[in-house]
Every structure is written in C-alpha cells, then in structure tokens.
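A.B. asks:
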C-alpha cells in the first residue's frame, strides 16, 4: 500500500510500513491514508535531528532567521493546497483555513524578528561574565487537530530560531496538512532540522517516552498533558504544556447589547467552538440577560452551518468522531436534566459530524455543561446579579487559560479583568494573539509560555560564561 502523503525524515520522503485513514468530518469519507510511523522510523527521526543539531545550532542567529523567512515564503506560495487539506481533514470553512495558513507564514516572519538576549554580568579588568541562551537540543512538537498548522506555528519557528532541531508530530485526526508542510519545506530547511512524522494514537505515547528528546512542546487536553508530564519525567525532558480551558466571559450591564451579541457569538462559536481560548461559559447580568440571550439566539439561527467547501458557509462540522461524541454526550446530559435549549440541541442523523450552534439557558453552576470544557458548538448562558459572585463563579474552575470581560467602560472592564484567574484576560475582545506576546495557562491549563520572547526562551537554557582576566 502507498499513500500520496509521506513523512519527512532527514530532508527526504519516507513512506509508511503501515497506514491509517484520515476522515473528512463533513461527510465521513476517507480523505487519504496517512503513514503510521513505526518505532524504528521514530528512532530515525530523532537520530537525524540529533545529527543535524551541531551544525544548525552553530549557525548565526541571523542565518536561522533567514531560514524562517524562507519557510514563510514557501507556506504563502502553497496557501491553496494547504488550506484545502485543512478543510478536508479538519472541517473548517475554506476561507477560515486560508486564514490559518496565512497565520503560519505571519508567525514565522514575526518570530524571525525576535532576538535571543545576552546579559553582561561583569566586564572589568578582573573578569568577564556573560549569561546567554543556548538551545535545548531535539524538540518534540506535538500539535492538536483543531488548528493543525496554526498550532505548529507556536512551536516550530521558536524552536528552530533558538537553535534546536525539531520532530513535528501532528494529531492523527488531522495530519495531512502538516505532512504536506514537511514536503514543501524539504528544499527550504537544512536536512534533519525539521522532521515531520505521523501516526495513530499510539505514536504520541512513544514520542513522549522517547529518551532522545530534550524538550516536549505539547498542546492538547489536560488529561493527556498529565501523561506527557509523567513520561517526560523519566528523562527530565523540558516541557511546555498548553492544555484545556473552560474560559469564562463576564458581561456587565452597560454593554451595547446588539453589538456585543455578535461579538460574543463568535467568541464562543468560531471554529465550531473548537478553540482552547474560546468563551465557554458566559455570565450575563440579570438586568440584560433576557435581551442579550434573545439577541444571541436570533444571531445563532442566522449563521450558515454546512459543507465547509461551499461559499457562504460560516461553520463546519465538529472535527472528528471522538469529539462529536463528547459534545453529543453533554447535550444528552442537558436534555436528561431538563435544561432549556434556546436554539440548537441534539443533532439529527447526518453523514457528517454536524451540530447546530446551541445555547443552554441558565443551567445550574454545578452542571456538566458549565463545569466541563465542551470544545464544541454548545454554550451555557449564566445569569448573575452580583459582580463579586460572577467573578467567584468564573474563578471556581480547575482551569485558568483565558477569559474576557465586556463593558462599555474599558477602565471598569480592566478592573474586573485583574480579578480573574486566567493566563490571559481580554477586555471587549477575545482571542487576540500576537507572535510578540506570550500566552500560557494558570492552574491545570498548562505549564510554560508560548509565543513572544518568553515563548522563545522556553526552547533555551541559560548558560553563563566566565573568563578570569587577572590573577
């Protein structure tokens, strides 16, 4: 058996000895068979990355920056093929997929503008002491299925700029765009510096337990993140974990309801709710609850859900069977407990994993739909009377990834934001990220930082050099 998709190891195409199917979530059809990396091929990927490390890390930073820019150019030149693969394997509308590809190129270019700091601790007749940042070594970059290339941008560029070599392992639910990326970059990146492998669910555990990795950068669920952390402990591999979130939004009673309703909808339902930083529970002041809930309901019913390859479609399916079943399970729990759906609800039988945008009307605080991360197109709306109570409820979570506050007065919103226990809190917007600004989670939402200088430094170690100049 062969596949049009191959892994990239040592700058060359590597076929699989076995394969696994990648399913289109819009229709259930198999898009392609992806190579299933064997233990021996994983060893080879790690070994070739290790062999490429001395020459790559010895290159001046300016040369590594040029490679990242060349990578961005190659990505831009292949926007249509990469976007088409994202839509086919992940289910997001094609225009949104194009934006994701654009984001990868943009992130690579902006990351290339970062500089590794060097501190002169002492420079006199007695001694020269300098602290610099040095690469960790071979990095495992493990990415999720919700943004196949977008999530790779947070890992590959910073790791390479810092002087590391990389083995990129995408989710088995959406590996094709990353495999194609590896193919596109074979003539751009020096052999062995960026390797791309794919495999079924067993490959992730093999990667995290492999003693050849000096750093594991993982984005995914909190449950899996704990397993990654335990596996990395065996060899003391450094880790960055960007994990789950149950991000609250607090809406103050002074907002423009019409304008805020549309913004809140997309804050929650972009990418069919499959974003770690999406609003996943919205606390609305009692004075405006009914009116805002009504506006959200009306807007939700106007949004076009369907085949993501068609023009005008705004939301596609849930990305894979496992997540679809998770979301349906939450909807069934809502129905069993008698919670009211303002719109949406349990899906009809379909050949694809489609769920209409669903609003749950003021379920109890201890309900599953409030306490669990749904990661799908379902949103609980929650009424509050007292702001202190809303903040306390927002903070009463094992998660602390992102949050947002909505107010006509930005200063009031900012004061509320300072009381929320999340790694990033936005006021009057959400999910604004920058390659120059780090983000990460509190509590069980992760360890470490991605993006910005702080994210770049996650791929380095501090080293101090001291020269004695006089006796």
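In the working numbering, the protein residues as written are 360 to 830. Here a beta-carbon is modelled for each residue, glycine too, at the ideal position from N, C-alpha and C. Note that this is a predicted model, so its numbers are computed, not measured.
(1) Give the DSSP-derived three-state secondary structure of residue 548 in the structure shown.
(2) What are the uninterrupted segments assigned as alpha helix (DSSP H) that are 4 or more residues long and contained completely in the region 520 to 583, given in chain order?
(3) Could you check which residue in 648, 582 and 367 has the C-alpha nearest to that of residue 609?
(4) Could you tell me the distance, in whole angstroms, from the CA atom of residue 829 to the CA atom of residue 487?
(5) Say whether the region 567 to 585 touches the region 531 to 540, bearing in mind that this needs 3 or more beta-carbon pairs closer than 8 Å, one atom from each stretch.
(6) On the three-state DSSP scale, how would you describe residue 360?
(7) Here's a check: name, in chain order, each residue in its chain whose Cβ is nearer than 8 Å to the Cβ of residue 389, leaving out the five neighbours to either side.
(8) Compare the beta carbon distance of residue 676 and residue 450 with 8 Å and say whether it is the shorter of the two.
(9) Just list the beta strand (DSSP E) runs in the region 751 to 828, keeping only unbroken ones of 3 residues or longer that don't cross its boundaries, in chain order.
(10) Which class does residue 385 belong to by DSSP, given the choice of helix, strand or coil?
(11) Taking the alpha-carbon of residue 519 as reference, which of 776, 550 and 489 has the nearest alpha-carbon?
(12) Taking DSSP as the reference, what is the three-state secondary structure of residue 696?
(13) Indicate whether residue 628 and residue 674 have their beta-carbon atoms separated by less than 8 Å.
(14) Would the beta-carbon of residue 577 fall within 8 Å of that of residue 600?
(15) By DSSP, does residue 488 sit in helix, in strand, or in coil?
(16) Using the rule of at least 16 other Cβ atoms within 10 Å of the residue's Cβ for burial, across every protein chain shown, is residue 552 buried or exposed?
(17) Would you give the residue range spanned by the beta strand (DSSP E) that residue 501 belongs to?
(18) Is it true that the CB of residue 696 sits closer than 8 Å to the CB of residue 640?
(19) Just the C-alpha distance for residue 453 and residue 745, rounded to the nearest angstrom, thanks.
(20) Measure how close the beta-carbons of residue 714 and residue 754 come, nearest whole angstrom, since I'm counting them as under 8 Å.
(21) In angstroms, rounded to a whole number, what distance separates the CA positions of residue 466 and residue 602?
(22) Taking all protein chains shown into account, do 16 or more other C-beta atoms lie within 10 angstroms of the C-beta of residue 468, making it buried, or fewer, making it exposed?
(23) Mind checking whether residue 765 and residue 619 have CB atoms under 8 Å apart?
(24) Could you pull the start and end residues of the alpha helix (DSSP H) that residue 440 belongs to?
(25) Hey, quick one: how far does the beta strand (DSSP E) through residue 371 stretch, first residue to last?
(26) Span of the alpha helix (DSSP H) holding residue 599?
(27) With distances taken from CA atoms, which of 367, 585 and 493 is nearest residue 417?
(28) Residue 718 and residue 738: beta carbons closer than 8 Å?
(29) Rounded to whole angstroms, what's the CA-CA distance from residue 805 to residue 703? Just pull it up for me.
(30) Just confirm the distance between the C-beta atoms of residue 504 and residue 533, as a whole number of angstroms; I'd bet it's less than 8 Å.
(31) With distances taken from CA atoms, which of 560, 439, 408 and 526 is nearest residue 395?
(32) Output the distance between the C-alpha atoms of residue 360 and residue 793, rounded to the nearest integer angstrom.
(33) Based on DSSP bridge pairs, tell me the residues matched to residue 366.
(34) When you compare the CB of residue 476 with every CB in chain B, is at least one pair closer than 8 Å?
(35) In this structure, does DSSP put residue 630 in helix, strand or coil?
C.D. replies: Checking against the coordinates, here is how it stands:
(1) coil
(2) 535 to 543 and 560 to 568
(3) 648
(4) 10 Å
(5) no
(6) Note that residue 360 has pLDDT 48, beneath the 50 cutoff, so the model's placement of it is unreliable and no number is given.
(7) 380, 381, 382 and 383
(8) yes
(9) 761 to 765, 783 to 786 and 819 to 827
(10) coil
(11) 550
(12) coil
(13) yes
(14) yes
(15) strand
(16) buried
(17) 497 to 501
(18) no
(19) 42 Å
(20) The pair is not a contact, with the Cβ atoms about 29 Å apart (cut-off 8 Å).
(21) 21 Å
(22) buried
(23) yes
(24) 438 to 449
(25) 371 to 373
(26) It is not in any alpha helix (DSSP H) - residue 599 instead sits in the beta strand (DSSP E) that spans 597 to 601.
(27) 493
(28) yes
(29) 32 Å
(30) 4 Å
(31) 560
(32) At residue 360, the pLDDT of 48 sits below 50, so the modelled position is not reliable and the matter cannot be decided from this model.
(33) 373
(34) Given the protein chain composition of this structure (a single chain), no chain B is represented.
(35) helix
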